[in-house]
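Enquirer:
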Amino acid sequence: MTTTTETEQLRTAWLILGLALVIRMLLSGSFLLVPDEANYWQWSRYLALGYHDHPPMIAWTIWLATRIFGQNEFAVRLPTVLGITLCSVYMCLLARRIFSGRAALYTALLSQGVLLFNGAALIATPDGLLLPCWAAACYHAHRALEEDTGSQWLLTGLWFGLGLLSKYTMLLFLPSLFLCMVFSRWRSRLASPRPWLGFLLGCALFTPVMIWNARNEWATFRHVLYQGGIDNASLITFRFIADFLATQAALLSPLVFLLLLAAWLRPARDDINGLRSGAVYLNWMSLTTFVVFLLLSLHVRIYGNWAATAYTAGLVLVAGRFGAGRGTTAGRRRLWTATVVLAWAMTVPVLVQAVYPALPLPMSLDRVARETVGWDELGRRIFLARNTMPRPEQTFIFGLRYQYASELAFYVPGQPRTVSINHWTRPNVYDFWVSDDMLRGKDAVGIYEYQGMDKRLADLFDRIDPPEAIRIYRHSPWFGRQLVRTLYLVRCYGFRGGQRWHPRDGHDIRATELQTGK
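Sequential numbering of the sequence shown, starting at -4, is according to my numbering.
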């Protein structure tokens, strides 16, 4: 039964989420795309059932948003802004279901202040679509475990399948839920056909990705295995584990991370109103993913966002155990307040920095500026350079990294199709969109980062002009004119071939017939 106080707490939680949504929608169009966002926007111009790096959901949703709102930063980010709001709604519903209305309110306060969730909303990457799918699947799975109704199992399967279409990390939902069922009072549910029907629905939704990979030599799975370190010679190393833990603490805030570790290491002991089983459920749905990536960090470097799904259920657990727990002492209340304040204090300056350089940071420490400043100016410079070429209509634009090629595609006036020359870097989606035959004989204007690359490019063209340094600056109220980056513009004539990645090692798991020609 919902009391008046609990109704007010839920109303306040929805108000917090609504205000956060409005603020993010206002912020989302106020700074330039980071390179990965521009890359995913490029995907939306080449709609497919799958892509080299990730499943297709990010491309599909960006395509829909830009069709409605135009080719701009707001539209590119709209799917993930809405996605994280949906994620937060489901987290609050889960907190209310397992703990209380107060826990839902505290979940709203905490989730909207954590840097990880703000980044997933305002930077259009697959995580912003994966997280709502994981949170929704967690909510419906808990209802399915308690109620054992076919509709809840099918909804769990639906969100599981949509998560698989967003990012492969969703696969970890299966062992999380399975282990939870095996080691709890819900193990009898495994004998019912209902959870298996939900599982089959999720697998059916994943079919497009399987079809694309079957047609493309399982390129995505090769990429994922490579990132997982399958080609690494050393089985165990301790070089990366400290970096992994520090990154998680930074993305969550140190106090949130410590409280989550405490919740995992000391599970709830009381069983009042079934709260213990709910806390155990949250443990399994968060700790399993974290442990997988913790162990993987003993083998390969882990990107900070890879374990993000652990923190949907994880933040609910922290809010319920430490924010809204029974018999909360004054000391625990102070700790909870400090936890929320620190999370917001670490996030707000980063959001402000994306719009205005308010912090006195040298450029080497200002990743926000390095990722967002100057792409529009660079696009204009490339546009002018191409127009001065002898055959501008037969001149393509390229970057020696896919990030530069994608930024140029978005910010060069007219948003032309661009090329990433991957010959010396790594395979990516451009290998599937562009072939040497499409470019042979054409001229080109391109960008690269490191001096001396013009000597390598000379092997791919009949001739090239000496490179021209392009320096991108921003104005800081603290340092005045700051150099953001130096890039090199090069004019090339008569492309001979060599656009696609060329594996250095014939045993590289990423190598397919597309690159080797075998």
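Every residue, glycine too, gets a C-beta built ideally from N, C-alpha and C. Just so it is clear, the structure is predicted and the values come from calculations on it, not from any experiment.
On the CB-based measure, 16 or more other CB atoms within 10 Å of its CB, does residue 387 come out buried or exposed?
Expert: exposed
Enquirer: Report yes or no: do three or more beta-carbon pairs, one from the stretch 234 to 243 and one from the stretch 328 to 336, lie closer than 8 Å?
Expert: Contact fails between the stretch 234 to 243 and the stretch 328 to 336, because fewer than three Cβ pairs, one in each stretch, are under 8 Å apart.
Enquirer: Restricting to Cα atoms, I'd like to know which of 422, 413, 492 and 428 is closest to residue 451.
Expert: Nearest Cα to residue 451 within the set 422, 413, 492 and 428: 492.
Enquirer: Taking the C-alpha atoms as reference points, what is the distance between residue 343 and residue 488?
Expert: Distance between the alpha carbons of residue 343 and residue 488: 48 Å.
Enquirer: Can you give, in chain order, each stretch of the alpha helix (DSSP H) that sits fully within the stretch 219 to 269 and has at least 4 residues?
Expert: 236 to 247 and 249 to 260
Enquirer: Using a Cβ-Cβ cut-off of 6 Å (strictly less than) and excluding sequence neighbours within five positions of residue 139, which residues of its own chain qualify?
Expert: Around residue 139, the same chain offers 147, 148 and 151 as residues with beta carbons nearer than 6 Å, after the five sequence neighbours per side are excluded.
Enquirer: In whole angstroms, give me the CA-to-CA distance for residue 297 and residue 486.
Expert: 37 Å
Enquirer: Leaving aside the five residues before and after residue 98 along the sequence, list all residues of the same chain whose C-beta is less than 6 Å from its C-beta, in chain order.
Expert: 90, 314, 315 and 319
Enquirer: Pick out whichever of 366, 389, 379 and 383 has its Cα sitting closest to the Cα of residue 401.
Expert: 366
Enquirer: In this structure, how does DSSP classify residue 453 when only helix, strand and coil are distinguished?
Expert: coil
Enquirer: For residue 32, does the count of other Cβ atoms within 10 angstroms reach 16, so buried, or fall short, so exposed?
Expert: Burial call: buried.
Enquirer: Expressed to the nearest angstrom, what Euclidean distance is found between the alpha-carbon atoms of residue 114 and residue 52?
Expert: 18 Å
Enquirer: Going by beta carbon distance, what residues of the same chain come within less than 6 Å of residue 95, once the five residues before and after it are set aside?
Expert: 319
Enquirer: Please name the residue, chosen from 383, 385 and 46, that lies closest to residue 206 on a Cα-to-Cα basis.
Expert: 46
Enquirer: Between which residues of its own chain and residue 424 is the CB-CB distance below 8 Å, once the five residues before and five after are set aside?
Expert: Around residue 424, the same chain offers 34, 37, 38, 41, 46, 47, 48 and 397 as residues with beta carbons nearer than 8 Å, after the five sequence neighbours per side are excluded.
Enquirer: With DSSP as the reference, please indicate the residues paired to residue 441 in a beta bridge.
Expert: 393 and 485
Enquirer: Going by DSSP, name the residue or residues bridged to residue 377.
Expert: Residue 377 is not bridged to any residue.
Enquirer: On the premise that residue 465 lies in contact with residue 483, defined as a C-beta separation below 8 Å, what is that separation, rounded to the nearest angstrom?
Expert: 7 Å
Enquirer: May I ask you to report which of helix, strand or coil DSSP gives residue 421?
Expert: coil
Enquirer: Check whether the Cβ atoms of residue 429 and residue 414 sit closer than 9 Å, and answer yes or no.
Expert: yes
Enquirer: When you compare only the Cα positions, how much space is there between residue 501 and residue 223?
Expert: Taking the straight line from one Cα to the other gives about 19 Å.
Enquirer: For residue 410, which three-state DSSP category applies?
Expert: coil
Enquirer: Rounding to the nearest angstrom, what Cα-Cα distance links residue 245 and residue 481 in this structure?
Expert: 29 Å
Enquirer: Would residue 159 and residue 197 qualify as a contact pair, given that the criterion is a beta-carbon distance under 9 Å?
Expert: yes
Enquirer: Report the three-state DSSP secondary structure of residue 459 (helix, strand or coil).
Expert: Strand.
Enquirer: What span of residues does the alpha helix (DSSP H) with residue 146 cover, start to end?
Expert: 145 to 159
Enquirer: For a minimum of 4 consecutive residues, which ranges assigned as the alpha helix (DSSP H) are wholly contained in the stretch 154 to 206?
Expert: Fully enclosed alpha helix (DSSP H) runs of 4 or longer: 168 to 177 and 188 to 200.
Enquirer: Helix, strand or coil for residue 497? Go by DSSP, reduced to three states.
Expert: coil
Enquirer: Can you look up residue 297 in the DSSP assignment and give me helix, strand or coil?
Expert: coil
Enquirer: Below 8 Å on the Cβ atoms is my guess for residue 479 versus residue 377; work out the distance and round it to an integer in Å.
Expert: Actually they do not touch by this definition, with Cβ atoms about 16 Å apart.
Enquirer: For residue 29, which three-state DSSP category applies?
Expert: coil
Enquirer: Within 10 Å of its beta-carbon, does residue 177 have 16 or more other beta-carbons around it, so buried, or fewer, so exposed?
Expert: exposed
Enquirer: What distance in whole Å lies between the Cβ atoms of residue 174 and residue 283, which are believed to be in contact at a cut-off of 8 Å?
Expert: 6 Å
Enquirer: Which word fits residue 508, buried or exposed, when buried means at least 16 other C-beta atoms lie within 10 angstroms of its C-beta?
Expert: By the neighbour-count rule (16 or more Cβ atoms within 10 Å), residue 508 is not buried but exposed.
Enquirer: Look up residue 490 in the DSSP assignment and say whether it is helix, strand or coil.
Expert: strand
Enquirer: Is the separation between the beta-carbon of residue 278 and that of residue 258 shorter than 9 Å?
Expert: yes
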